[in-house]
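Engineer: Residue numbers (the UniProt record's numbering): 1 to 144. Note that beta-carbon positions come from the ideal geometry of N, C-alpha and C, so glycine has one too. Please read these numbers as outputs of a predicted model, since none were measured by experiment. Input: one structure, supplied below.
Okay, structure coming up:
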(Lines of atoms letter the chains of each structure in order from A and count residues from 1; the text may use other names and numbers.)
(Lines give C-alpha, C1' and ligand atoms only; values in the text may rest on other atoms or scores of the structure.)
Protein backbone atom coordinates (compact mmCIF):
# COMPACT_ATOMS: atom_id res chain seq x y z
CA UNK A 1 0.00 0.00 0.00
CA UNK A 2 1.23 3.50 -0.82
CA UNK A 3 1.27 6.24 1.81
CA UNK A 4 -0.68 9.38 1.00
CA UNK A 5 1.30 12.61 0.96
CA UNK A 6 -1.11 15.26 2.25
CA UNK A 7 -4.45 16.42 0.89
CA UNK A 8 -5.45 15.94 -2.74
CA UNK A 9 -4.86 18.83 -5.17
CA UNK A 10 -7.32 21.67 -4.65
CA UNK A 11 -7.82 20.95 -0.96
CA UNK A 12 -5.01 23.19 0.24
CA UNK A 13 -5.88 25.91 2.75
CA UNK A 14 -6.32 29.42 1.37
CA UNK A 15 -5.36 31.05 4.67
CA UNK A 16 -2.42 33.33 4.05
CA UNK A 17 -1.10 35.81 6.64
CA UNK A 18 -2.62 39.21 5.95
CA UNK A 19 -1.03 42.66 6.06
CA UNK A 20 -3.33 45.67 6.42
CA UNK A 21 -6.76 45.12 4.81
CA UNK A 22 -7.12 46.00 1.14
CA UNK A 23 -10.12 48.21 0.41
CA UNK A 24 -9.76 48.70 -3.34
CA UNK A 25 -12.00 47.11 -5.94
CA UNK A 26 -10.49 43.79 -6.95
CA UNK A 27 -10.98 41.51 -9.91
CA UNK A 28 -12.63 38.17 -9.28
CA UNK A 29 -10.62 35.12 -10.17
CA UNK A 30 -11.05 31.73 -11.68
CA UNK A 31 -8.86 29.00 -10.20
CA UNK A 32 -6.40 29.49 -13.08
CA UNK A 33 -6.05 33.28 -12.79
CA UNK A 34 -4.78 35.69 -10.17
CA UNK A 35 -6.31 38.61 -8.29
CA UNK A 36 -5.27 42.09 -9.38
CA UNK A 37 -6.02 45.48 -7.88
CA UNK A 38 -8.00 47.80 -10.15
CA UNK A 39 -6.36 50.91 -8.70
CA UNK A 40 -2.82 51.01 -10.21
CA UNK A 41 -1.55 53.33 -7.48
CA UNK A 42 -2.09 50.68 -4.83
CA UNK A 43 1.16 49.09 -3.77
CA UNK A 44 1.33 45.54 -2.55
CA UNK A 45 3.72 43.97 -0.11
CA UNK A 46 5.52 40.66 -0.47
CA UNK A 47 3.12 38.97 1.99
CA UNK A 48 -0.22 38.00 0.43
CA UNK A 49 -3.43 38.70 2.36
CA UNK A 50 -5.84 36.00 3.49
CA UNK A 51 -8.15 35.13 0.62
CA UNK A 52 -11.91 34.61 1.11
CA UNK A 53 -14.78 33.70 -1.21
CA UNK A 54 -18.23 34.95 -2.14
CA UNK A 55 -20.76 34.27 -4.89
CA UNK A 56 -21.37 36.99 -7.51
CA UNK A 57 -24.82 38.50 -7.00
CA UNK A 58 -25.41 38.70 -10.77
CA UNK A 59 -24.01 35.58 -12.44
CA UNK A 60 -23.37 33.38 -9.36
CA UNK A 61 -19.68 32.83 -10.17
CA UNK A 62 -17.45 32.01 -7.23
CA UNK A 63 -15.20 34.99 -6.48
CA UNK A 64 -11.91 34.85 -4.58
CA UNK A 65 -10.69 38.13 -3.05
CA UNK A 66 -8.47 39.47 -0.23
CA UNK A 67 -10.15 39.70 3.19
CA UNK A 68 -11.01 43.31 4.01
CA UNK A 69 -12.01 44.32 0.47
CA UNK A 70 -15.16 46.44 0.30
CA UNK A 71 -16.05 45.75 -3.36
CA UNK A 72 -15.26 42.83 -5.67
CA UNK A 73 -15.58 43.05 -9.46
CA UNK A 74 -16.64 39.82 -11.16
CA UNK A 75 -14.36 38.85 -14.04
CA UNK A 76 -17.22 36.95 -15.73
CA UNK A 77 -20.02 39.55 -15.84
CA UNK A 78 -18.08 42.70 -14.76
CA UNK A 79 -20.60 43.58 -12.02
CA UNK A 80 -19.24 45.11 -8.81
CA UNK A 81 -20.33 43.24 -5.68
CA UNK A 82 -20.53 44.88 -2.26
CA UNK A 83 -18.74 42.84 0.40
CA UNK A 84 -20.48 42.83 3.77
CA UNK A 85 -19.07 41.59 7.05
CA UNK A 86 -21.11 39.11 9.09
CA UNK A 87 -22.36 41.83 11.46
CA UNK A 88 -23.68 43.89 8.51
CA UNK A 89 -25.89 41.14 7.06
CA UNK A 90 -29.42 40.07 7.93
CA UNK A 91 -31.13 36.83 6.95
CA UNK A 92 -34.75 36.15 6.04
CA UNK A 93 -36.56 33.30 4.26
CA UNK A 94 -38.16 34.07 0.90
CA UNK A 95 -41.95 34.38 1.29
CA UNK A 96 -42.48 32.37 -1.90
CA UNK A 97 -39.87 29.57 -2.15
CA UNK A 98 -38.47 29.66 1.43
CA UNK A 99 -34.86 30.06 0.25
CA UNK A 100 -32.63 31.69 2.88
CA UNK A 101 -31.83 35.21 1.70
CA UNK A 102 -29.10 37.53 2.99
CA UNK A 103 -29.39 41.31 2.81
CA UNK A 104 -27.58 44.40 4.11
CA UNK A 105 -29.10 45.78 7.33
CA UNK A 106 -31.33 48.74 6.56
CA UNK A 107 -32.75 47.35 3.30
CA UNK A 108 -36.57 47.59 3.18
CA UNK A 109 -36.98 44.48 1.01
CA UNK A 110 -34.97 41.77 -0.73
CA UNK A 111 -35.54 40.12 -4.12
CA UNK A 112 -35.05 36.35 -4.22
CA UNK A 113 -32.37 35.29 -6.68
CA UNK A 114 -34.18 32.00 -7.28
CA UNK A 115 -37.84 32.91 -7.85
CA UNK A 116 -37.57 36.74 -8.20
CA UNK A 117 -40.27 37.42 -5.60
CA UNK A 118 -39.79 40.39 -3.27
CA UNK A 119 -39.83 39.77 0.49
CA UNK A 120 -40.60 42.73 2.75
CA UNK A 121 -38.18 42.77 5.69
CA UNK A 122 -39.06 46.05 7.39
CA UNK A 123 -40.32 44.36 10.57
CA UNK A 124 -37.34 41.99 10.83
CA UNK A 125 -34.73 44.59 9.89
CA UNK A 126 -33.37 45.39 13.32
CA UNK A 127 -30.23 43.85 14.71
CA UNK A 128 -30.66 42.13 18.05
CA UNK A 129 -28.99 43.89 20.99
CA UNK A 130 -25.28 43.14 21.42
CA UNK A 131 -26.04 41.13 24.58
CA UNK A 132 -28.40 38.88 22.60
CA UNK A 133 -25.81 38.42 19.85
CA UNK A 134 -23.22 37.29 22.39
CA UNK A 135 -25.55 34.76 23.99
CA UNK A 136 -25.87 33.84 27.66
CA UNK A 137 -22.95 34.32 30.01
CA UNK A 138 -20.78 31.26 30.27
CA UNK A 139 -19.75 30.26 33.75
CA UNK A 140 -16.20 29.14 34.19
CA UNK A 141 -15.45 26.68 36.95
CA UNK A 142 -12.18 27.10 38.73
CA UNK A 143 -9.74 24.23 38.73
CA UNK A 144 -8.78 23.06 42.21
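Given a cut-off of 9 Å, decide if residue 99 and residue 74 are closer than it, judged by their beta-carbon atoms.
Structural biologist: no
Engineer: Can you find the residues in the same chain that come closer than 8 Å, C-beta to C-beta, to residue 79, ignoring five residues on each side of it along the sequence?
Structural biologist: 56, 57, 58, 59, 73
Engineer: Check whether the Cβ of residue 87 sits closer than 8 Å to any heavy atom of the ligand ADP, and report yes or no.
Structural biologist: Ligands displayed in this structure: none; no statement on the ligand ADP is therefore possible.
Engineer: Could you tell me if residue 86 is buried or exposed, where buried requires 16 or more neighbouring beta carbons within 10 angstroms of its beta carbon?
Structural biologist: exposed
Engineer: Pick out whichever of 64, 82, 47, 117 has its Cα sitting closest to the Cα of residue 94.
Structural biologist: 117
Engineer: On the DSSP letters alone, give me the boundaries of the beta strand (DSSP E) that residue 104 sits inside.
Structural biologist: The continuous beta strand (DSSP E) containing residue 104 extends over residues 100-104.
Engineer: Identify every residue that forms a DSSP beta bridge with residue 86.
Structural biologist: DSSP output for residue 86 lists no bridge partner at all.
Engineer: Since residue 121 and residue 108 should fall inside the 8 Å C-beta cutoff, what is the C-beta to C-beta distance between them, to a whole number of angstroms?
Structural biologist: 7 Å
Engineer: Let me know if residue 63 comes out buried or exposed under the rule of 16 or more other beta-carbons within 10 Å of its beta-carbon.
Structural biologist: buried
Engineer: Does the beta-carbon distance from residue 54 to residue 81 come in below 9 Å?
Structural biologist: yes
Engineer: With distances taken from CA atoms, which of 65, 52, 119 is nearest residue 101?
Structural biologist: 119
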